[in-house]
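Chemist: Mind having a look at this structure? Questions to follow.
Number of protein chains: 2
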Amino acid sequence: MTDEATAFVPGHITGFFSAHPADDPSAAGSRGAGITLSHGVDVRVRRGDARDDHDESGPAVALNGDAVEIDAVGAVLRELDATDAVVTAETPLPLGAGFGVSGALALGTAYAVNAVYDARQTENGLVGIAHRAEVEAGTGLGDVVAQARGGLPIRLDPGGPDHGRLDGVPASPRVEYVTFGSVSTEAVLSGDTDALTAAGERALADLREDPTTERFVALSRRFASEADLLTDRVAEAVADVRDAGGDAAMAMLGDTVFAFGDGLSAAGYDPAVCSVHAAGATLRSESD
Amino acid sequence: MTDEATAFVPGHITGFFSAHPADDPSAAGSRGAGITLSHGVDVRVRRGDARDDHDESGPAVALNGDAVEIDAVGAVLRELDATDAVVTAETPLPLGAGFGVSGALALGTAYAVNAVYDARQTENGLVGIAHRAEVEAGTGLGDVVAQARGGLPIRLDPGGPDHGRLDGVPASPRVEYVTFGSVSTEAVLSGDTDALTAAGERALADLREDPTTERFVALSRRFASEADLLTDRVAEAVADVRDAGGDAAMAMLGDTVFAFGDGLSAAGYDPAVCSVHAAGATLRSESD
């Protein structure tokens, strides 16, 4: 028991995916593959006063010092009977640009609330709560389970821990990215996803045959094009990186380009640089 | 493609377990719970000359500078067509004392060989190969899948990645341990395991009701006693830690006592100190 706890959740770039809606939010989700990042979200939770119950006014959530409304975080707090909690998050990652920040906030809140409120959940229990909250908010389908795993996650099945199986690409590359702006996940997921899902299923089958970082980038690049999601600025950056002898692709869903190694910097860009995060979401130890 | 690669695999202390033999080594394994450690094994693999093929003389494996014969490593090399590989491992952990060093050698060899020999396996593929090798060698049942996951793994089902499901205790405590000597895993696993398995199943059910570090240690302590595995020296150390207000238990299977926080040092012992390793086995990046 503790009055305050902090969880770290890695950012997550999805390279390609297929959407699998279902009535049960535990079973709904996506298949696909992505990259978890050493750039992530620190989520601190402290117990509020009973008189601070935010159930009516909405939960008290601050991201980089600004009050934000993230539906999935409110749902996690309600599920864990912690609507008086004060959630304070810090991240170098932009919101809405394809880094899974909303999923990270939901999952980090679940881990930190579990510690502060002695909720006695296992890790799968916490991941399931955050996954359902994110699916019901319509802000993501596969980020939470990937962020709970770490590495270069392959989502073999859709859904939370009781449904989905995960695998991974065994590699630890350096990651570069440049963000030009936002793409609305809700708008894409609420539209017709048939072509997108067919392209995602092809990419997943091909990656499982050849699970390497090179193949992952190439398949992600092909997916963005086949699913007709490529933005003009990402298309231009991808062409620049390929002209310089590298390869790059688009983060799903954001106006963001990513590459492994020095792909973007070699093409003259000034990217953010991080590494693959080997671990999934973790509670910070007191000595951290 | 690279001429040399290094994988890090965390050590793993099992607190309690039940044994589940099966004809298919992918399905055989154990259920239970444990701790993965920031103290682990670095496994370096380099490609040997064709004339160095060690298939007849046994594989070339060195641990802390000494040649060792680890059956599971030889099996991994054969499975991945890399019998000419040269495997060099370093660890601060003792062999045969309940830290899963043989499992770490098998799993680290699989990860590093995959990179050097371009074997195009996914992480689950590599974990499955190492798990089967360890089960068939009789040197472990659940270390490999736990070491591939990291954290405080709960093994819900026996078997490799295609069979077993995992969960975890969400915590990041400091870990202390003292090793007095070895216990033969082979001797215990080849004997009558009915009482052990019944005690392990009870501990697992109880941990899932209350998945905290405190409960994990208490259930591990109860298991060692019920399974009649407690050594005299571990029993004495556990009593000393409890007299000092802490709690401690025995590593399965070794003459080793462990505690969270400062349990052993507060009782006057001079333990090795490490932390829970949040990530599972990982390939070292070139900049590490």
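Note that the protein sequences, when read in sequence, are chains A and B.
Under the UniProt record's numbering, the letters of the first sequence match residues 1 to 288, in that order.
Under the UniProt record's numbering, the letters of the second sequence match residues 1 to 288, in that order.
All C-beta atoms in this analysis are idealised placements derived from N, C-alpha and C, irrespective of residue type, glycine included.
Please read these numbers as outputs of a predicted model, since none were measured by experiment.
Using the C-alpha atoms, what's the distance from residue 197 of chain B back to residue 109 of chain A?
Modeler: 36 Å
Chemist: When you compare the segment 179-191 of chain B with the segment 129-146 of chain A, are there three or more beta-carbon pairs, one atom per stretch, that lie closer than 8 Å?
Modeler: no
Chemist: Just to make sure I have the definition right: I need the residues of chain B whose C-beta is within less than 8 Å of the C-beta of residue 111 of chain A. Which are they?
Modeler: Ordered by position in chain B, the residues that pass the 8 Å Cβ test against residue 111 of chain A are 170.
Chemist: Does DSSP classify residue 117 of chain B as helix, strand or coil?
Modeler: Coil at residue 117 of chain B, not helix or strand.
Chemist: Does the distance from the C-beta atom of residue 272 of chain B to that of residue 39 of chain B stay below 8 Å?
Modeler: yes
Chemist: Which full runs of the alpha helix (DSSP H) of 4+ residues lie inside the segment 57-133 of chain B, going along the chain?
Modeler: Whole alpha helix (DSSP H) segments, 4+ residues: 71-79, 101-116.
Chemist: Contact defined as beta carbons within less than 8 Å: I believe residue 216 of chain A pairs with residue 156 of chain A. What is the distance between those atoms, to the nearest angstrom?
Modeler: Not really, about 15 Å apart at Cβ, beyond 8 Å.
Chemist: If you count every other CB in all the chains shown that lies within 10 Å of the CB of residue 2 of chain B, and 16 or more means buried, which is it?
Modeler: exposed
Chemist: At a Cβ cut of 8 Å, what residues of the segment 133-153 of chain A count as close to chain B, listed as they run along the chain?
Modeler: 150, 151
Chemist: Alpha carbon to alpha carbon, how far is residue 68 of chain A from residue 285 of chain B? Give it in angstroms, no decimals.
Modeler: 36 Å
Chemist: How should residue 146 of chain B be labelled, buried or exposed, when 16 other C-beta atoms within 10 angstroms of its C-beta is the threshold for buried?
Modeler: buried
Chemist: Would you please verify whether the beta carbon of residue 283 of chain B is less than 8 Å from any beta carbon of chain A?
Modeler: Residue 283 of chain B has a beta carbon lying within less than 8 Å of a beta carbon in chain A.
Chemist: State the Cα-Cα distance for the pair residue 88 of chain A and residue 192 of chain B, rounded to the nearest angstrom.
Modeler: Going by the C-alpha atoms only, they are around 53 Å apart.
Chemist: With DSSP as the reference, label residue 189 of chain B as helix, strand or coil.
Modeler: helix
Chemist: Mapping DSSP to helix, strand and coil, what is residue 284 of chain B?
Modeler: In the structure shown, residue 284 of chain B sits in coil (DSSP, three-state: anything other than H, G, I, E or B).
Chemist: On a Cα-Cα basis, can you pick out the residue from A:41, A:75, A:194 that is closest to residue 92 of chain A?
Modeler: A:41
Chemist: Counting only Cβ pairs nearer than 9 Å, list the residues of chain B close to residue 211 of chain A.
Modeler: 120, 121, 122, 123, 125
Chemist: By Cβ distance below 6 Å, which residues in the same chain neighbour residue 107 of chain A in space, the five residues on each side in sequence not counted?
Modeler: 9, 130, 144, 147, 281
Chemist: Using a C-beta cutoff of 8 Å, does residue 46 of chain B count as contacting chain A?
Modeler: no
Chemist: From the beta carbon of residue 266 of chain B, is the nearest beta carbon of chain A less than 8 Å away?
Modeler: Cβ-Cβ to chain A under 8 Å: no for residue 266 of chain B.
Chemist: Check residue 149 of chain B in the structure and name its three-state DSSP category.
Modeler: helix
Chemist: For residue 172 of chain A, report the span of its alpha helix (DSSP H) as first-last.
Modeler: Careful: residue 172 of chain A lies outside any alpha helix (DSSP H) and carries neither H nor E.
Chemist: Using a 10 Å radius around the Cβ and a threshold of 16 neighbouring Cβ atoms, would you call residue 290 of chain B buried or exposed?
Modeler: A query on residue 290 of chain B cannot be resolved here, the shown segment of chain B reaching from 1 to 288 and no further.
Chemist: Count the C-beta pairs between the segment 158-174 of chain A and the segment 27-38 of chain A that are closer than 8 Å, then say yes if the count reaches three, no if not.
Modeler: yes
Chemist: Alpha carbon to alpha carbon, how far is residue 277 of chain B from residue 105 of chain B?
Modeler: 17 Å
Chemist: Excluding the five sequence neighbours on either side, which residues of its own chain have a C-beta within less than 6 Å of the C-beta of residue 288 of chain A, listed in chain order?
Modeler: Low local confidence applies: a pLDDT of 49 at residue 288 of chain A is under 50, so the model's placement there is unreliable, and no value is given.
Chemist: With DSSP run on the structure shown, which of helix, strand or coil describes residue 183 of chain A?
Modeler: coil
Chemist: Pick out whichever of B:182, B:62, B:212, B:61 has its Cα sitting closest to the Cα of residue 114 of chain A.
Modeler: B:212
Chemist: For residue 33 of chain B, which of B:44, B:23, B:19, B:43 has the nearest alpha-carbon?
Modeler: B:19
Chemist: Give me the residue from A:254, A:142, A:209, A:246 with the minimum Cα distance to residue 224 of chain A.
Modeler: A:254
Chemist: Go ahead and pull the three-state DSSP assignment for residue 138 of chain A.
Modeler: coil
Chemist: Taking the CB atoms as reference points, tell me whether residue 14 of chain A and residue 94 of chain A lie closer together than 8 Å.
Modeler: no
Chemist: Under 7 Å between beta-carbons, which chain B residues line up against residue 271 of chain A? List them in chain order, please.
Modeler: Here the premise fails: no neighbours, minimum Cβ distance about 16 Å.
Chemist: In the segment 199-235 of chain B, which residue ranges form an unbroken alpha helix (DSSP H) of at least 4 residues, counting only runs that do not cross its ends?
Modeler: You should have 213-226.
Chemist: Shortest alpha-carbon distance to residue 70 of chain B belongs to which of B:103, B:270, B:81?
Modeler: B:103
Chemist: So what does residue 275 of chain A bridge to, in DSSP terms?
Modeler: A:174
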